[in-house]
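Protein chains in written order, with the numbering used here: chain A, 1 to 346; chain F, 1 to 317.
1. According to the neighbour-count rule (16 or more other Cβ atoms, all chains shown, within 10 Å of its Cβ), is residue 92(A) buried or exposed?
2. So the candidates are 123(A), 44(A) and 19(A); which of them puts its Cα closest to the Cα of residue 28(A)?
3. Between the segment 153-161 of chain F and the segment 112-127 of chain F, do three or more beta carbon pairs fall short of 8 Å?
4. When DSSP labels each residue in this structure, what does residue 89(A) get in the three-state scheme?
5. Reducing DSSP to helix, strand and coil, say where residue 177(F) ends up.
6. Note down the Cα distance separating residue 192(F) from residue 65(F), rounded to an integer number of angstroms.
7. Is there a Cβ from chain F that is less than 8 Å from the Cβ of residue 124(A)?
8. Return the residues of the segment 51-75 of chain A that lie within a Cβ-Cβ distance of less than 8 Å from chain F, sorted by chain order.
9. Taking Cβ to Cβ, would you say residue 55(A) is nearer than 8 Å to residue 77(A)?
10. Can you list, in chain order, the stretches of the alpha helix (DSSP H) that have 4 or more residues and sit fully within the segment 4-52 of chain A?
11. With DSSP collapsed to three states, give me the class of residue 70(A).
12. In the DSSP output, what is residue 231(A) paired with across the bridge?
13. Let me see if you follow: with CB-CB separation under 8 Å, is residue 93(A) close to chain F or not?
14. Could you work out which residues of chain F lie near residue 144(A), taking near to mean beta carbons separated by less than 8 Å?
15. State the DSSP-derived secondary structure class of residue 75(F), mapped to helix, strand or coil.
16. Helix, strand or coil for residue 150(F)? Go by DSSP, reduced to three states.
17. Taking 7 Å as the limit between beta carbons, can you name the residues of its chain near residue 56(F), skipping five residues before and five after?
18. Please list the residues of the segment 259-284 of chain F that have a C-beta atom closer than 9 Å to any C-beta atom in chain A, keeping them in chain order.
19. Looking only at its own chain, which residues have a Cβ that is under 7 Å from the Cβ of residue 178(F), when we skip the five neighbours before and after it?
20. Determine the burial state of residue 117(F): buried for a count of at least 16 other Cβ atoms within 10 Å of its Cβ, exposed for fewer.
21. Quick check on this structure: which residue in 188(F), 152(F), 222(F) and 207(F) has the alpha carbon closest to the alpha carbon of residue 69(A)?
22. What three-state label does DSSP hand residue 167(F) in the structure shown?
23. Hey, residue 90(F) and residue 306(F) are a contact pair by Cβ (cut 8 Å); roughly how many whole angstroms apart?
24. Is the segment 290-304 of chain A in contact with the segment 321-330 of chain A, if contact means three or more CB pairs nearer than 8 Å?
25. Taking only beta-carbon positions, decide if residue 217(F) is within less than 8 Å of chain A.
26. Can you tell me whether residue 40(F) is helix, strand or coil according to DSSP?
27. Hey, does residue 30(A) have any beta-carbon neighbour from chain F nearer than 8 Å?
28. Taking the alpha carbon of residue 161(A) as the point to measure from, which residue in 106(A), 42(A) and 193(A) has its own alpha carbon closest?
29. Once DSSP output is grouped into helix, strand and coil, what is the label at residue 192(F)?
30. So what's residue 303(F) in DSSP terms, helix, strand or just coil?
31. Decide if the segment 277-285 of chain F is in contact with the segment 62-79 of chain F; the criterion is three or more beta carbon pairs, one per stretch, under 8 Å apart.
32. Using CA atoms only, rank isn't needed, just tell me which of 7(A), 74(A), 217(A) and 51(A) is closest to residue 41(A).
33. Please name the residue in 2(A), 106(A), 200(A) and 143(A) whose C-alpha comes closest to that of residue 230(A).
34. The ligand FMN heavy atoms versus the CB of residue 44(F): any closer than 7 Å?
35. Which residues mark the beginning and the end of the alpha helix (DSSP H) in which residue 312(A) is found?
36. Go to residue 161(A), then tell me how far its alpha helix (DSSP H) extends in each direction, as first and last residue.
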């Protein structure tokens, strides 16, 4: 099948959906500028015009309510933020208005809007350009939260998000934009609440979100050489979060790591662990481990940033501990390096 | 029927409905915080009279008047105040979050200024649909302290969105006067610097408010620029609740008495009489409205609550 990047998959989803439904419009700071949100909105303004693809004043709060108002009047807004951190400027509209409009109108009004956000990382992004924040929104009833990992997911989940009748936040990891994978040319949807089993295994289960799937697959590849078989499950949507396939997996393997692309404290990994414990208690051979960011604001200096983010090595060491293995010799292993991918300046 | 009577009927319905709330609220069966409209009737009735049934309004937590003026549905109103199964919202909204989209009442928010940008988006959708629907968003002067109000003004003017901003200025954000909240002296003067139509008035003459609003709508249709209406009024009761609070010390009763002498409801009644309307005819209309209110509240009291399963309905999964 055709291979395209995650970024092109998003772009294709936008193009195909806007072609299908004239009520869809896309807006956000920089959406039609020359950089086109890292290329993910390229071609839209040329094809659909300024009415359906437009820039905005630096008014994230008001433009969130604006999307809600258009949505309750029958349109389908897609609102883009180039960094997840900027969502905090929209928090009132998201938590007090958008999430509850359907409920407080007892279903007479619905808010089918999509909010695409990009999680930044690396090259000194610092503490205001690198947050994930998705757990915060999953905590609020009335919002759906989607974390596409593969290019296939990026297209299918975005199309599902646009067709959903409720507000959906789609969190895209900046580093995933370069990933390539098989993506059908035709339009397709991926239902929410269907985790993706990236790899089957029998010794340990990893529940990974977003970029942490890349690190988990790398860890699994390395340990496979020692005969360790790792099962990796990507929930893909954390609101709704379907824990059933994970429970089945953990009941089989007896070990579980939740590797989240976020802080560990009070986040998705806590929710996942609690749900897994409630159904797998007797079958667990070791406590559930959680891997995530260091509990600090994100620093900028490279060596500190490296210490802040978890990676495949952390996952390998965690698995070794659980399975009582001696440390694997990692000499000569080629780990993902952002350094090789992106040279500054920003 | 003539305009003056229509306006009076709207205001009388609002005033009497709230007087009925005051009578029954102490029974503690309407378990929802009441932010009473008394004093603002003329603004709401005047603006709503200038709108069509399909035009859309957005309100605040102080929206009893707006809901009744736009929908006239006192039955649904009381059913919701009592949180009963017969209410469209089934008790999910209460006094602060009423909603009746089929009559153009698109919702109200308890977070000050939060429905302003939503109204803006709704108006944008109308513009794109080319349906000529007008959106009117009501808010107090406290909302103009919020950043999102200024963001919304800017966007509306930038994008030439057909929307009416109505600032109902009662000088207080809860209990804090404008003098302690503003670094400028005149809000309409500042708004006039935007590319929009600014009109203002002192708001107890409902016919004048209606005319001002119509003038604004005509301007908007002509020059495609949003309208900002600034109306002063006086909040008769405490910020939330059914009582007066002149003993609290933050405002003087003399001020209230001054405004009460030009009370919008009695003022319009006098206008009608001095314009030659038969008092008996007016009384008949009043009796009809009184009966409607009485029937509505009794029906609401007697209606059942919804089943507990309702809790989980209309939240996305």
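For glycine and all other residues, C-beta sits at the position ideal for the given N, C-alpha and C.
Answer, in terms of the structure:
1. buried
2. 44(A)
3. yes
4. helix
5. strand
6. 28 Å
7. no
8. 51, 56, 57, 59, 61, 62, 63, 64, 65, 66, 67, 68, 69, 70, 71, 72, 73, 74 and 75
9. no
10. 6-20 and 44-48
11. helix
12. 205(A)
13. yes
14. 316
15. helix
16. helix
17. 104, 106, 122, 133 and 135
18. none
19. 141 and 171
20. buried
21. 152(F)
22. strand
23. 5 Å
24. no
25. no
26. coil
27. no
28. 193(A)
29. coil
30. coil
31. no
32. 7(A)
33. 200(A)
34. Only the bare structure without any ligand can be found here, which leaves the ligand FMN out of the picture.
35. 312-322
36. 151-163
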